[in-house]
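Chemist: Sharing a structure, written as structure tokens. Questions coming.
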Amino acid sequence: KCDVSKEDQVQSLVETLDSWGGLDVMFNNAGIMHAQDDDAVNTPEQIWDLTQNINVKGVWFGCKHAVLSLRRHNKTRGSIINTASVVALVGAATPQLAYTASKGAVLALTRELAMVHAREGYRFNNLCPAPLNTPLLQDWLGDDQAKRQRREVHFPMGRFGEAVEQAHAVVFLASDESSFVNGHDFVVDGGMTKAYVTPEGPAPAAPVNNASKASLE
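Next comes the structure, spelled out in structure tokens:
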């Protein structure tokens, strides 16, 4: 358990791995999107600060201590993946200003670190997910079909993404298969950020998430 907004906890977490040979990959994925996050007029300052502390400082601390660990073990390769969001690339009329600003900061931070540490062999990339089909999203949408349609219409593939599709992208960025990918904003959104008029017709089936199965038989 680690509060990523507290540097001493992030440091302790990373140093625990040192006894097992140190880390090779760091995935800075912790983040919040607070219910009180709103527009410039209505977002409470404490919600702004809380969001930045977790979503931005947490990523910074994770990157910092990943680099220190890689150096301690004289490693010449490392992959650090930071979760941003498509909201850092496109605007929305349903404002969550603190969250959006935090994810924009993650994009900039990651690009900078990718340049700073490139000659050490440490790669930094952003994962930019679109909204995902999670229980949290489905509970939030509920039976409000207009609310659902307002969002689904932007997806050329006709559906929200699945968590397993993001996981596949992270595995690629973590692996040596992406050894020449650095400073990249890896957008996994089914084409949402490239769309203007989206297709009609039924949506193709989503992939099966084997991790959610009780058995693979």
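The end of the sequence shown is residue 217 by full-length UniProt numbering, with every number in the run present.
Idealized CB from N, CA, C, for every residue including glycine.
1. Looking at the unbroken alpha helix (DSSP H) that takes in residue 16, where does it start and where does it end?
2. Tell me which same chain residues have a C-beta within less than 8 Å of the C-beta of residue 109, skipping the five on either side of it?
3. Between which two residues does the beta strand (DSSP E) holding residue 41 run?
4. Give me the residue from 204, 184, 68, 50 with the minimum Cα distance to residue 5.
5. Could you tell me the boundaries of the alpha helix (DSSP H) in which residue 143 lies?
6. State the CB to CB distance for the pair residue 122 and residue 78, rounded to an integer number of angstroms; the pair is presumed to be in contact (CB under 8 Å).
7. At which residue ranges does the stretch 127-203 contain complete alpha helix (DSSP H) runs of 4 or more residues, listed in the order of the chain?
8. In terms of alpha-carbon separation, which member of 84, 95, 190 lies closest to residue 154?
9. In three-state DSSP terms, what is residue 91?
10. Just the Cα atoms here: how many angstroms apart are residue 66 and residue 86?
11. When you compare the CB positions of residue 166 and residue 141, do they come within less than 8 Å of one another, or not?
12. Comparing alpha-carbon positions, which option in 69, 21, 194 lies nearest residue 11?
13. Can you check whether the CB of residue 84 is closer than 8 Å to the CB of residue 106?
14. Taking the alpha-carbon positions, what's the residue 21 to residue 76 distance?
15. Specify, as a first and last residue, the run of the beta strand (DSSP E) that residue 79 falls within.
16. Sort out for me which residues DSSP pairs residue 26 with in a bridge.
17. Can you tell me the Cα-Cα spacing of residue 169 and residue 188, whole angstroms?
Modeler: Let me lay it out:
1. Its alpha helix (DSSP H) spans residues 7-18.
2. 56, 59, 60, 63, 82
3. No beta strand (DSSP E) contains residue 41, which DSSP labels as neither H nor E.
4. Just measuring C-alpha positions, the residue of 204, 184, 68, 50 sitting nearest residue 5 is 50.
5. Note, residue 143: premise wrong, no alpha helix (DSSP H); not H, not E.
6. Going by Cβ atoms, the distance from residue 122 to residue 78 rounds to 4 Å, so yes, they are a contact pair.
7. Restricting attention to alpha helix (DSSP H) runs no shorter than 4 residues, the stretch 127-203 encloses them at 135-141, 145-152, 163-174, ordered along the chain.
8. 190
9. coil
10. 25 Å
11. Pairing residue 166 with residue 141 gives a Cβ-Cβ distance that is not under 8 Å.
12. Among 69, 21, 194, the Cα nearest to that of residue 11 is on 69.
13. Yes. Within cutoff.
14. 14 Å
15. 78-83
16. Paired residue(s): 80.
17. Computed Cα separation, rounded: 8 Å.
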